[in-house]
Structures are given as C-alpha cells and as structure tokens.
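J.: Here you go, one structure.
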Amino acid sequence: MVRYADDLLLLCRSEGRARQALQHTQRQLATLKLELNLKKTQIAGFNTGIEFLGHVFDADGCYQPIPDSRTKVLKDQIHCTLKKGTTQVARTGHHVTQQTKNIAAQLGKRLKQRSTQQNPKCSIDC
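Below you can see the structure in the form of structure tokens.
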C-alpha cells in the first residue's frame with residue numbers, strides 16, 4: 005500500500021487479490037467512519053497505466069506527468085476571476101488594475117510554460 009495524504013494505491017499480484025484488498029480497505033475505513041470515493045476508485049493494471057498523484061505509472065515502472073487537460077479550465081477560471089476582479093475594482097474606484105494585470109501576466113506565462121513542456125516517456129533508468 006502506498007498512501008499520500010488521502011490518496012491510496014494498493015498494489016496486488018492479481019485482480020482477485022486486488023478485489024479482496026479493496027473490500028478489506030473498505031471495512032477498515034468503515035471502522036474509522038471513513039469511506040472510499042467510489043467514483044475515483046478503480047482496479048487497473050500496469051499494462052494500461054495507473055494514474056496516481058498526477059502521474060501515470062506504466063508496466064516498465066516509468067512514470068510521466070499526466071498531460072494537463074485541465075489547463076484550459078484553469079485558464080478560463082483565471083480569466084473569469086480576473087474579469088470579475090477588474091469589474092469590482094472599477095466599481096469601488098480602487099486603483100489596483102495594474103497589479104491585477106501583472107498577476108494575470110505571470111499566471112499566463114506559467115500556464116503557457118506548463119502546457120508547452122514536453123513530457124517524454126522516461127527511459128529505463130528512471
């Protein structure tokens with residue numbers, strides 16, 4: 005078992021053992037009045053790749069960051085937030101629009117860098 009904060013990864017040799025481990029984990033969590041998020045819970049094999057903590061682990065034991073399909077959503081959220089912020093600034097008469105533009109520019113640069121970075125598949129010595 006690998007645990008990081010509230011994320012769990014159970015490693016098993018077979019699908020049957022994975023199902024048993026999942027049931028055991030559910031029972032143990034229930035004794036603590038906790039439960040798994042069934043929408044995020046799955047039994048998968050390394051042959052198809054396993055997503056964990058923002059990375060995909062494959063059969064070679066290599067991993068790579070998940071291509072960030074959420075970048076567009078994040079950009080849209082930032083744009084919307086900044087648009088609302090500028091509107092609120094204009095209504096209240098404060099003069100922080102330049103600061104807002106600087107923040108937007110920095111966030112935009114970081115998002116662009118992140119979305120254009122290559123994520124090559126790792127070599128055998130990862």
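Read in order, the letters of the sequence shown correspond to residues 5 to 130 in the working numbering. Beta carbons are placed, not taken as given, at the ideal position from N, Cα and C, and that holds for glycine. Note that the coordinates shown come from a computational prediction; the quantities given were computed from them, not determined experimentally.
Can you tell me where the alpha helix (DSSP H) holding Arg7 begins and where it ends?
T.: From DSSP, Arg7 is part of no alpha helix (DSSP H) but of the beta strand (DSSP E) over 6 to 8.
J.: Can you check whether the CB of Gly49 is closer than 7 Å to the CB of Asp62?
T.: For Asp62 and Gly49, no; Cβs fall outside 7 Å.
J.: Glu55 by DSSP, collapsed to three states: which one?
T.: Strand.
J.: CB-CB under 8 Å to Phe56, same chain, minus the five flanking residues each way: which ones, in chain order?
T.: Val6, Asp11, Leu13
J.: Terminal residues of the continuous alpha helix (DSSP H) containing Leu33?
T.: The continuous alpha helix (DSSP H) containing Leu33 extends over residues 19 to 35.
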